[in-house]
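Everything below concerns the one structure shown next.
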Amino acid sequence: MHTREELGAVAELARRHGVRVVADEIHAPLVLPGARFTPYLTVEGTHDAFALTSASKAWNLAGLKCALALAGPGAAHELRRMPEEVGHGPSHLGAIAHTAALREGGAWLDDLLRGLDANRALLGKLIARHLPMARYRPPQATYLAWLDLTALGLHEDGAEGPGVVGELAGPAALFAERARVAVSSGHVFGRGGAGCVRLNFATSPTLLREALAAMGRAVAAA
143 MHTREELGAV
153 AELARRHGVR
163 VVADEIHAPL
173 VLPGARFTPY
183 LTVEGTHDAF
193 ALTSASKAWN
203 LAGLKCALAL
213 AGPGAAHELR
223 RMPEEVGHGP
233 SHLGAIAHTA
243 ALREGGAWLD
253 DLLRGLDANR
263 ALLGKLIARH
273 LPMARYRPPQ
283 ATYLAWLDLT
293 ALGLHEDGAE
303 GPGVVGELAG
313 PAALFAERAR
323 VAVSSGHVFG
333 RGGAGCVRLN
343 FATSPTLLRE
353 ALAAMGRAVA
363 AA
């Protein structure tokens, strides 16, 4: 989660270099306990920026496509420059579902965040038990964990990013082949990601335990 000070520094750099910022805030509702979300457009110096948001991630509505483009006061007039098909893209059902989620889905989201918080804590314990060589910092938001497994030395396989999320190399390939656990390979997310994996912990505690135990066995047998 970026702090207001960090976002302010981004806004100042954007102003200095004449860059338009488009902030992707689609995961914004998925803030876990202990963290605070700062909308980019509330930061000083963001009057000409855009923010994009949706209920699709937090309420699992990605199949019902719908999103919002929010503009700062200095950029609102530029919304009219978007291609006509952008406004026609969301389906009627998608708009209804997203509206219902944002208006009436607060209690459901609260339950979800409590579950993710519990899984986040469980994941930390499972990593310490089964993958003690991993470097891991609990995320402040979302359901995606980043595990640095460069200690395994499997990142020296020539894979370089960025790339397609489904492309596997290094530890991710090992876990898919020997543990039957699918994680995202870190190298596809850009420079410095080789040897790391991204793990989705939005699942049941039972599956999380089984997955980490299998990953640990795969590393031990490698």
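The sequence shown begins at 143 in this note's numbering and counts up by one. Every residue, glycine too, gets a C-beta built ideally from N, C-alpha and C. What you are looking at is a predicted structure, and each value in this text was computed from that prediction instead of being measured.
C-beta contact flag for residue i and residue j at 8 Å
{"i": "L264", "j": "V361", "result": "no"}
{"i": "G214", "j": "H234", "result": "no"}
{"i": "L374", "j": "L296", "result": "Here the chain covers residues 143 to 364 and nothing more, so residue 374 does not appear."}
{"i": "V339", "j": "V330", "result": "no"}
{"i": "A153", "j": "G205", "result": "no"}
Residue from the options with nearest C-alpha to residue i
{"i": "A363", "options": "E352, L194, E227 and A321", "result": "A321"}
{"i": "R256", "options": "H169, A344, E352 and A324", "result": "A344"}
{"i": "P225", "options": "L235, G216 and A211", "result": "A211"}
{"i": "T145", "options": "A260, L203, A283 and A270", "result": "A283"}
{"i": "R351", "options": "H169, G205 and R271", "result": "R271"}
{"i": "P175", "options": "T348, D253 and V323", "result": "D253"}
{"i": "L149", "options": "T180, I168 and G160", "result": "T180"}
{"i": "S327", "options": "A260, V161, A356 and A311", "result": "A311"}
{"i": "V323", "options": "A356, R222, E147 and M275", "result": "A356"}
{"i": "N202", "options": "E309, H240, A151 and L221", "result": "H240"}
{"i": "G236", "options": "L268, S198, A260 and E246", "result": "S198"}
{"i": "P313", "options": "R279, P347 and M275", "result": "M275"}
{"i": "Y182", "options": "S346, W250 and L194", "result": "L194"}
{"i": "T348", "options": "R223, A165, N261 and M143", "result": "N261"}
N- and C-terminal bounds of the beta strand (DSSP E) containing residue i
{"i": "A213", "result": "L210 to A213"}
{"i": "A287", "result": "L286 to D290"}
Length of the line joining the Cα atoms of residue i and residue j
{"i": "L286", "j": "G229", "result": "30 Å"}
{"i": "A156", "j": "V163", "result": "7 Å"}
{"i": "D290", "j": "G216", "result": "41 Å"}
{"i": "P281", "j": "W288", "result": "8 Å"}
{"i": "G337", "j": "R277", "result": "11 Å"}
{"i": "V185", "j": "C208", "result": "25 Å"}
{"i": "S196", "j": "L294", "result": "38 Å"}
{"i": "R359", "j": "H159", "result": "50 Å"}
{"i": "I238", "j": "T292", "result": "45 Å"}
Distance cut-off 7 Å: residue i Cβ against heavy atoms of the ligand ATP
{"i": "S326", "result": "As presented, the structure is devoid of all ligands, the ligand ATP included, so that no description of it is given."}
Enclosing alpha helix (DSSP H) for residue i [first to last residue]
{"i": "R158", "result": "R146 to H159"}
{"i": "V163", "result": "Premise fails: V163 is in no alpha helix (DSSP H) and is neither H nor E."}
{"i": "V361", "result": "P347 to A363"}
{"i": "L316", "result": "G312 to L316"}
Please give the ranges of any beta strand (DSSP E) in the region 190–266, keeping only runs that are unbroken, at least 3 residues long and fully inside the region.
Those beta strand (DSSP E) runs which fall completely within the region 190–266 and span 3+ residues are 192–195 and 210–213.
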